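Sequential numbering of the sequence shown, starting at 0, is according to numbering that gives the first Met the number 0.
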Amino acid sequence: MESNIRQAHLWEAILVFALLIIIMFVGINTFEVDPHMPMFVGVIIAALVALRIGYKWKAIEGFMINGITQALQSVVILAIIGILIGVWIVSGVVPTMISYGLRILSPRIFLPAALIITSITSLATGTSWGTMGTMGIALMGIATGLGIPAPITAGAVISGAYFGDKMSPLSDTTNLAPAMAGTDVFTHVKMMMLPTMITYAISLVFFFIMGAGYGGGASDLSVITAIQEGLHAQFTIHPLLLLPPVLVIVLIAKKMPAMPGITIGILSAAILAPLFQSANLGDLLAAGYTGYVSNTGMEALDDLLTSGGLEGMMYSISLTIIAMMFGGIAENIGLLTVLLNVILKRVKTAGGIVTATVLSSIFSNATMPEQYISLVVPGRMFNQAYTEKNLHPKTLSAALEGGGTVTSALVPWNTCGAFIRDTLGIKTIQYAPFAIFNWLMPIMTIVLAYVGPAVAYMTEEEKAQKIAEGHVD
Numbered sequence: 000m001e002s003n004i005r006q007a008h009l010w011e012a013i014l015v016f017a018l019l020i021i022i023m024f025v026g027i028n029t030f031e032v033d034p035h036m037p038m039f040v041g042v043i044i045a046a047l048v049a050l051r052i053g054y055k056w057k058a059i060e061g062f063m064i065n066g067i068t069q070a071l072q073s074v075v076i077l078a079i080i081g082i083l084i085g086v087w088i089v090s091g092v093v094p095t096m097i098s099y100g101l102r103i104l105s106p107r108i109f110l111p112a113a114l115i116i117t118s119i120t121s122l123a124t125g126t127s128w129g130t131m132g133t134m135g136i137a138l139m140g141i142a143t144g145l146g147i148p149a150p151i152t153a154g155a156v157i158s159g160a161y162f163g164d165k166m167s168p169l170s171d172t173t174n175l176a177p178a179m180a181g182t183d184v185f186t187h188v189k190m191m192m193l194p195t196m197i198t199y200a201i202s203l204v205f206f207f208i209m210g211a212g213y214g215g216g217a218s219d220l221s222v223i224t225a226i227q228e229g230l231h232a233q234f235t236i237h238p239l240l241l242l243p244p245v246l247v248i249v250l251i252a253k254k255m256p257a258m259p260g261i262t263i264g265i266l267s268a269a270i271l272a273p274l275f276q277s278a279n280l281g282d283l284l285a286a287g288y289t290g291y292v293s294n295t296g297m298e299a300l301d302d303l304l305t306s307g308g309l310e311g312m313m314y315s316i317s318l319t320i321i322a323m324m325f326g327g328i329a330e331n332i333g334l335l336t337v338l339l340n341v342i343l344k345r346v347k348t349a350g351g352i353v354t355a356t357v358l359s360s361i362f363s364n365a366t367m368p369e370q371y372i373s374l375v376v377p378g379r380m381f382n383q384a385y386t387e388k389n390l391h392p393k394t395l396s397a398a399l400e401g402g403g404t405v406t407s408a409l410v411p412w413n414t415c416g417a418f419i420r421d422t423l424g425i426k427t428i429q430y431a432p433f434a435i436f437n438w439l440m441p442i443m444t445i446v447l448a449y450v451g452p453a454v455a456y457m458t459e460e461e462k463a464q465k466i467a468e469g470h471v472d
């Protein structure tokens with residue numbers, strides 16, 4: 000490490016993050032460009048500040064590579080799910096899910112049903128991405144047939160997927176947050192229960208009210224009939240084609256890692272494709288890379304089914320790489336640390352420190368845009384402060400998830416926001432107002448921290464044990 004390196008000044012940290020936010024806002028909202036190049040400008044700014052602080056280019060390059068390395072698992076899952084979507088469409092899996100869903104669900108109960116279905120799936124599997132990439136795609140198609148707007152449907156799907164991701168003991172984030180705080184996963188889940196269930200109940204009521212506005216009139220039935228006819232014209236619809244999604248859910252629920260579980264889902268659909276759709280190996284390979292292209296002549300159905308493929312996920316993959324270049328520099332030169340230290344000097348109450356944790360996790364999602372970083376960096380930075388104030392580690396872990404896990408979906412350039420855009424086919428700005436659970440959860444966490452239920456204190460024995468175990472300095 001170079002001897003002339005100094006700590007970043009507060010004004011330098013503020014400058015980097017402020018310029019990034021301004022460039023992002025102007026680029027996306029004024030010029031309507033994708034976030035990739037504004038984020039790259041942010042990388043340049045962060046690199047210049049790193050040079051000013053005293054780092055050599057080789058070190059800065061290493062920071063960017065380390066940042067990208069942290070997101071490689073997300074990149075691989077993005078690629079595999081892109082392949083899965085393409086193969087599942089060409090094999091008839093997704094069309095079958097949509098077709099049966101149109102027969103079962105009615106417009107009035109669809110939105111709350113979508114919330115509940117994705118909640119159960121995500122709880123069982125522990126993955127919001129897997130839930131949105133399987134059940135979410137089918138529900139978006141069913142919504143098209145029922146005449147329910149895509150943004151509202153996406154809001155229900157995302158709310159349910161992130162509820163399960165947040166509360167499932169199988170979820171990586173549900174295990175990462177308590178690991179950073181110094182508690183166990185079941186203590187962590189129990190601590191989250193009250194604010195999460197209140198938020199979920201409000202979300203469920205919201206979607207019941209929204210769903211009541213959509214009736215099953217003749218116009219709805221005509222659209223459903225047209226979509227069913229379009230599906231049957233292109234695909235053979237058969238109950239056995241429901242096997243791949245069921246298989247994926249069961250395997251991941253049995254604690255198989257996501258990547259091999261999803262890959263088995265691809266292979267099982269590939270086996271069924273020639274039996275039901277007369278698709279050959281070339282069709283499967285093409286769909287896995289470029290996605291499926293629908294040509295029914297029905298615009299709504301073609302827009303829905305023209306999807307998937309590794310190529311279709313390159314938007315998210317490239318954005319993830321650039322975003323993590325910025326995040327790698329920002330974390331390693333201590334820009335967020337400088338800001339958090341200033342915050343900690345001014346926080347006096349338990350409610351205040353929980354609020355600071357939630358807001359820092361949200362800020363991390365927006366500026367070092369990877370969900371895991373929003374748990375790891377604030378978790379490391381606030382751990383000592385919680386111990387000094389005798390706050391139980393489960394208070395910290397619940398605050399991290401209340402601010403970090405759920406809000407990642409609300410940032411267009413976050414890996415989660417980019418994934419949702421490519422998977423559900425809808426922009427963040429369109430679905431964000433309806434992702435009730437995701438934006439209400441941090442508010443509820445903060446409110447209950449001041450009221451009391453979201454705060455727990457350690458006994459002297461618990462504090463001594465935490466220090467002995469090395470969770471704090």
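Positions of the beta carbon are idealized from the N, C-alpha and C atoms, including for glycine. Bear in mind that the values here come from a model prediction, so they are computed numbers and not experimental data.
- Counting only runs that start and end inside the stretch 48-116, the alpha helix (DSSP H) elements of at least 4 residues fall at 56-69, 71-89, 92-103.
- Sixteen is the threshold: when 16 or more other Cβ atoms of the shown chains lie within 10 Å of the Cβ of residue 400, as they do, the residue is buried.
- Per DSSP, reduced to three states, the secondary structure at residue 291 is strand.
- Minimum Cα-Cα distance from residue 84 among the listed residues 332, 58, 267, 324 corresponds to 267.
- A direct Cα-Cα distance of roughly 15 angstroms separates residue 26 from residue 16.
- Per DSSP, reduced to three states, the secondary structure at residue 213 is coil, with no helix or strand assignment.
- The stretch 62-76 makes no contact with the stretch 221-232: fewer than 3 CB pairs, one atom from each, lie closer than 8 angstroms.
- A residue is called buried when at least 16 other Cβ atoms come within 10 angstroms of its Cβ; residue 410 meets this threshold and is buried.
- Distance check between residue 279 and each of 90, 13, 73, 33 places 90 closest, using alpha-carbon atoms only.
- If you draw a 10 Å sphere on the C-beta of residue 30, you find fewer than 16 other C-beta atoms in it, and that means exposed.
- In the DSSP assignment, residue 456 falls outside any alpha helix (DSSP H), carrying neither H nor E.
- DSSP places residue 183 in no alpha helix (DSSP H); its state is neither H nor E.
- Counting along the chain, residue 425 sits inside no alpha helix (DSSP H), nor does DSSP assign it H or E at all.
- Remark: three or more beta-carbon pairs, one from each stretch, lie closer than 8 angstroms, so the stretch 144-163 and the stretch 402-422 are flagged as touching.
- Apart from the 5 residues on each side of it in sequence, residue 317 sits with its Cβ closer than 8 angstroms to the Cβ of 35 in its chain, given in chain order.
- DSSP places residue 306 within a strand segment (E or B) once states are collapsed to three.
- Taking a contact as a CB-CB distance under 8 angstroms, the pair residue 328 and residue 39 does not count as one, their CB atoms being some 12 angstroms apart.
- If you check the CB distance, residue 358 and residue 454 do not come in under 9 angstroms.
- Taken through DSSP and simplified to helix, strand or coil, residue 390 comes out as strand.
- In summary, residue 8 is exposed, with fewer than 16 beta-carbon neighbours lying within 10 Å of its beta-carbon over all protein chains present.
- In the structure shown, residue 269 falls within a helical segment according to DSSP collapsed to helix, strand and coil.
- Residue 238 carries a helical assignment under DSSP once its states are collapsed to helix, strand and coil.
- Taking every protein chain shown into account, the CB of residue 396 has 16 or more other CB atoms within 10 angstroms, so this residue is buried.
- Between the stretch 47-55 and the stretch 294-304 there are fewer than three inter-stretch CB-CB distances shorter than 8 angstroms, so the stretches are not counted as touching.
- Burial is judged here by how many other beta carbons sit within 10 angstroms of a residue's own beta carbon; residue 166 has at least 16 and is buried.
- Taking the Cα of residue 423 as reference, the smallest distance to any Cα among 135, 98, 88 is reached at 135.
- The stretch 180-190 makes no contact with the stretch 133-148: fewer than 3 CB pairs, one atom from each, lie closer than 8 angstroms.
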